[in-house]
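Take a look at the structure below.
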Amino acid sequence: MICNDSFLSIFRNCYLRSLIRNNSFKDTVIIIPTLEYLNDNHQYLSVLSNVDKLQYNISIRFKFNSLSNCIKFNSNSHKHLINDIDTFYSGEQELHLGNLHDQVHILSICFEQDRPKTVIGKLPESIVELHINAHSESDFVCLELEEILSDLPKNLKVLYISYNFSLSSEDSKIQLPDSLVHLEFSGTRTDFDRFVVNGVPNRVLKSACLEITSVEDLDWLQDRPWINYIFINEVVPNQIPSHVRQIILSAGLDDVEAFFQKLPVQLEYLNVSKIKSTQNQQPFVQFFKQYTPRLKRLSLVIEGEEDLGKDSCFPDNLEYLNINGYRKEINGSMLPPNLKTLDLARYNQELKVGSFTNTITDLSASYDGPLKASVLPTQLKRLSFFIFNNRIEPHSLPLSLTNLQLNQFSGSFEHVGSLDNLRELKIGTLNQSIVDTLANVKKIKISFYEIAPNTRFTNTSITDLSLYNLKYYEIKTIPDGFLPPHLVRLLITHFRIKSIDTIPPSCACFKYNYKNLDTTLIPESVRSICFLEPF
């Protein structure tokens with residue numbers, strides 16, 4: 001009785017009820033698959049106010065896919081509830097920005113190189129995040145893009161411009177809003193010189209990447225502290241400006257130490273291709289602690305028989321390490337003490353006890369050797385072995401795993417035990433031994449290429465299940481008795497159902513993407529049915 005009274009007291013308090021609801025949906029994207037779905041659920045969506053969606057980063061997203069879809073949306077009386085529009089479309093030849101309502105916060109539009117459009121109207125001032133994508137196999141100058149950039153919403157915070165776009169050589173300037181904090185755009189000095197950025201102290205536009213091809217580019221960058229991310233095509237002789245925090249180097253290095261000497265001490269991210277120690281010099285790994293002590297993220301493509309040594313030469317602050325092409329054995333003693341993510345591309349040395357540190361929570365590798373007990377980090381959350389199809393020994397998969405990706409695996413999980421924390425699984429062949437490890441899981445997303453015969457979820461406690469057939473060109477049939485008996489929510493992609501008994505009577509919410517699915521076989525217990533656009 002006391003519990004019920006407490007609940008009613010909270011429920012009757014409008015402020016507390018709203019606070020609980022907003023925090024429950026914080027940083028969430030609610031997909032609206034069809035306008036019919038919007039009409040059927042508008043009363044529930046309307047409890048989230050325009051201010052709520054902004055303050056708590058709640059997106060109610062609708063995707064345009066045809067002109068008829070656009071016409072229906074424009075006349076829909078509930079369209080104001082949609083604040084996130086994906087791939088806005090208003091016709092083959094015209095883009096009517098005036099059709100956008102004034103409660104849109106996030107907008108994605110796409111331009112095609114061979115299909116120019118006339119832009120009519122301007123973007124609503126409500127937009128805070130704008131994605132301008134390109135459908136093209138090569139870079140091109142898009143005049144429609146420049147027309148939109150010439151009059152951006154004053155409250156815009158995030159602007160994404162596809163790497164396929166090149167700005168024209170016009171002298172006209174593009175004023176970026178003072179509110180902008182994230183500019184995802186890669187371009188030359190000529191491109192960036194068209195942007196006008198007000199000189200707010202310490203202002204940095206995240207993800208704005210300048211392509212460096214000459215000494216003059218570095219000189220120009222010196223007076224643009226709002227750009228701290230550079231892409232270097234050719235090694236230049238000058239010192240790199242001290243405000244730069246991220247560097248991608250695609251050129252080979254003749255003198256590794258000379259390059260490190262030009263790096264800013266405060267550098268946080270470094271991506272280097274084709275690196276190897278040069279003759280009569282120290283191994284290049286010795287330079288990281290000396291010249292980049294603040295480094296947090298590092299990606300290396302190693303050439304030859306480079307040896308990283310037995311003791312860590314990496315900065316203590318390093319949290320992310322990607323090593324591509326390393327041919328020696330990895331040992332935990334060579335890894336930095338605060339490492340969280342390790343990605344070992346083109347690595348297939350044997351993994352042993354002591355290969356990793358227990359600080360690692362995200363591990364991926366091109367590994368196909370046996371997986372032995374106590375080798376993986378004890379706190380590992382995400383594991384991705386892309387080509388693995390070998391033996392899994394008892395006690396080799398940590399119970400902490402929430403995401404497991406074994407794309408090619410078709411073997412047994414017989415000795416794995418329960419994976420109670422798993423929320424996402426990608427596997428080559430789903431079989432009964434794998435399902436048995438999910439006995440205590442309530443919610444999970446499973447992707448696979450094949451299902452082994454006699455595989456059933458009968459003895460699991462799963463109530464929320466998403467099944468993805470990765471052979472999207474081959475529609476599979478879900479047999480009777482396959483699904484969990486207590487299922488409440490079910491999502492299936494590229495599947496058909498066999499009979500009225502396929503979906504258990506406990507199921508209340510069903511989503512699917514196979515357009516020819518026989519909907520008469522959906523039981524009456526399902527109150528919410530949603531067709532997803534095929535992908």
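Last residue of the sequence shown: 535 (UniProt numbering), numbering continuous. For every residue, glycine included, the Cβ atom is placed at its ideal position computed from N, Cα and C.
query: Hey, could you find the ends of the alpha helix (DSSP H) K289 is sitting in?; result: F287 to Y291
query: Could you spell out where the beta strand (DSSP E) holding N271 opens and where it closes?; result: Y269 to I275
query: Can the beta-carbon of I427 be found less than 7 Å from the beta-carbon of L406?; result: yes
query: With DSSP run on the structure shown, which of helix, strand or coil describes G428?; result: strand
query: Using only the alpha-carbon positions, how far apart do L339 and R12 sit?; result: 47 Å
query: Go ahead and label K310 buried or exposed: buried means 16 or more other beta carbons lie within 10 angstroms of its beta carbon, across all protein chains shown.; result: exposed
query: If you follow the alpha helix (DSSP H) that T190 is in, where does it begin and where does it stop?; result: R189 to F192
query: Distance, Cα to Cα, S525 vs L81?; result: 28 Å
query: Out of curiosity, what's the CA-to-CA distance linking L167 and L210?; result: 13 Å
query: Applying the criterion that 16 or more other CB atoms from any shown protein chain within 10 Å of the CB defines a buried residue, is T458 buried or exposed?; result: exposed
query: So the candidates are L45, E92, Y56 and V51; which of them puts its Cα closest to the Cα of S68?; result: E92
query: Taking 7 Å as the limit between beta carbons, can you name the residues of its chain near L35, skipping five residues before and five after?; result: K72, F73 and N76
query: Looking at F88: is its Cβ nearer than 7 Å to the Cβ of I106?; result: no
query: For my contact list, F260 and F287 are in at a C-beta cut-off of 8 Å; report their separation, rounded to the angstrom.; result: 4 Å
query: Where does C507 fall in DSSP's three states?; result: coil
query: Helix, strand or coil for H415? Go by DSSP, reduced to three states.; result: coil
query: S77 bridges to which residues according to DSSP?; result: Answer is none; S77 lacks a bridge partner.
query: So the beta strand (DSSP E) L404 belongs to, where does it begin and stop?; result: N403 to L406
query: On a Cα-Cα basis, can you pick out the residue from Y449, P484, I462 and V488 that is closest to residue 536?; result: This structure cannot speak to residue 536, because the chain is shown only from 1 to 535.
query: Let me make sure I understand the geometry here. Which of Q408, K381 and L419 has the alpha-carbon closest to that of P394?; result: L419
query: Less than 7 Å separating the beta-carbons of T502 and D480?; result: yes
query: Give the straight-line distance between the Cα atoms of F62 and C530, rounded to the nearest whole angstrom.; result: 14 Å
query: Report yes if the CB atom of C507 is closer than 7 Å to the CB atom of L490, and no otherwise.; result: yes
query: I'd like the span of the alpha helix (DSSP H) that includes I20, first residue to last.; result: C14 to S24
query: Using 8 Å as the cut-off, can you tell me whether the segment 134-154 makes contact with the segment 203-223, which would need three or more C-beta pairs spanning the two stretches below that distance?; result: no
query: Look at L145 and F165 and say whether their C-beta atoms are less than 7 Å apart.; result: yes
query: Using the C-alpha atoms, what's the distance from I275 back to D193?; result: 32 Å
query: Ordered along the chain, which non-local residues of its own chain (more than five positions away) have a Cβ less than 6 Å from that of D178?; result: N198
query: In whole angstroms, give me the CA-to-CA distance for W220 and R189.; result: 8 Å
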